[in-house]
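Student: Just passing along the structure, written as structure tokens.
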Amino acid sequence: MRLCPLIFSQVLYEDSQMVTLTAPYIAGFLAFRETPFLLEALQRLERNQPRLLPQVVFVDGNGLFHYREFGLACHLGVLSGLPCVGVAKNLLQVQGVYKSEEHQSKIAALQKGGDSFPLAAASGKVLGKALRSSDKSSKPVYVSVGHKISVDTAVHLTHSCCRYRVPEPIRQADFRSREYLRTHFPAADT
DNA sequence: GCGACAG
DNA sequence: ATCTTGTCGC
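All residue numbers for the first sequence refer to numbering that gives the first Met the number 0, where the first residue is 0 and numbers rise by one.
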């Protein structure tokens, strides 16, 4: 595998297009709120800097680990045609996966960075994996398939991008977008 | 009514 | 997601 996942957040940052989200946030419907804008960003990139199109996209949200097995990372993957990995920072309780005692003990059993356990639906189907992304953080991230990638590759790739708990592409995109807002739109009050 | 709730 | 208070570690 030869992948360059760090580039995309850098490019998104340099792209700096402000958008206005209209759809409200409703758990389970994140894709309807965010997909159009993420897709547009990818399309701008393809048009302006095709050489920098990423080989894989890290999405801040779930892929198959979703009420209807089709979260934001799946929407963006299908519409862009690019491989996508879904990485959620919080557990979406879905299809028999709950924050149960059992779940908590599985988390406690994750000893070191790279350790993971499957998130299986009642049917037994693996919808994603809980990954201890670094030695330091005891709180896992939740990785699932978005598009054109297997769960295991997604998990390995995510771990390989974690300097801290959140994989660097997502962390940097988050960071730099907030920094952009701070410098260009300081404290808007009434 | 009560609990759950990716971002 | 946001806001806030406090603590630990480099």
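Just so you know, even glycine gets a beta-carbon here, dropped at the ideal spot from N, CA and C.
Values in this document were obtained by computation on a predicted structure and should not be read as measured data.
1. Report, in whole angstroms, the separation of the C-beta atoms of S132 and F64, which I expect to be a contact under 8 Å.
2. CA-CA distance, R32 and L109?
3. Apart from the five residues just before and just after V18, which ones in its own chain have a Cβ nearer than 7 Å to its Cβ?
4. Within its chain, find whatever has a CB closer than 6 Å to the CB of F116; leave out the 5 residues flanking it on each side and keep chain order.
5. Helix or strand or just coil, what does DSSP make of C83?
6. Shortest alpha-carbon distance to R43 belongs to which of Y163, Q54, H102 and Q16?
7. Between C83 and G145, is the Cβ-Cβ spacing less than 8 Å?
8. What residues match up with G60 in a beta bridge as DSSP calls it?
9. Would you be able to state if there are at least three C-beta pairs under 8 Å between the region 146-155 and the region 83-99?
Tutor: The relevant details are as follows:
1. Against the first sequence, residue 132 aligns to sequence position 133. Against the first sequence, residue 64 aligns to sequence position 65. Not quite, the Cβ-Cβ distance comes to about 16 Å (not below 8 Å), so this is no contact.
2. Here residue 32 refers to the residue found at position 33 of the first sequence. Here residue 109 refers to the residue found at position 110 of the first sequence. R32 and L109: Cα-Cα distance of roughly 33 Å.
3. For the purposes of this step, residue 18 is taken as the residue at position 19 of the first sequence. If we look at V18 and ignore the five residues flanking it on each side, its Cβ neighbours are F36.
4. Taking the first sequence and counting its residues from 1, one reaches residue 116 at position 117. Only K105 and A129 meet the Cβ criterion.
5. Numbered from its first residue, the first sequence carries residue 83 at position 84. C83: strand per DSSP, three-state reduction.
6. Walking along the first sequence from the start, residue 43 turns up at place 44. Nearest option by C-alpha distance: Q16.
7. Position 84 of the first sequence holds residue 83. Position 146 of the first sequence holds residue 145. Taking 8 Å as the Cβ cut-off, C83 and G145 qualify as a contacting pair.
8. As a first step, residue 60 is located in the first sequence; it is residue number 61 there, counting from the start. According to DSSP, G60 bridges with V86.
9. yes
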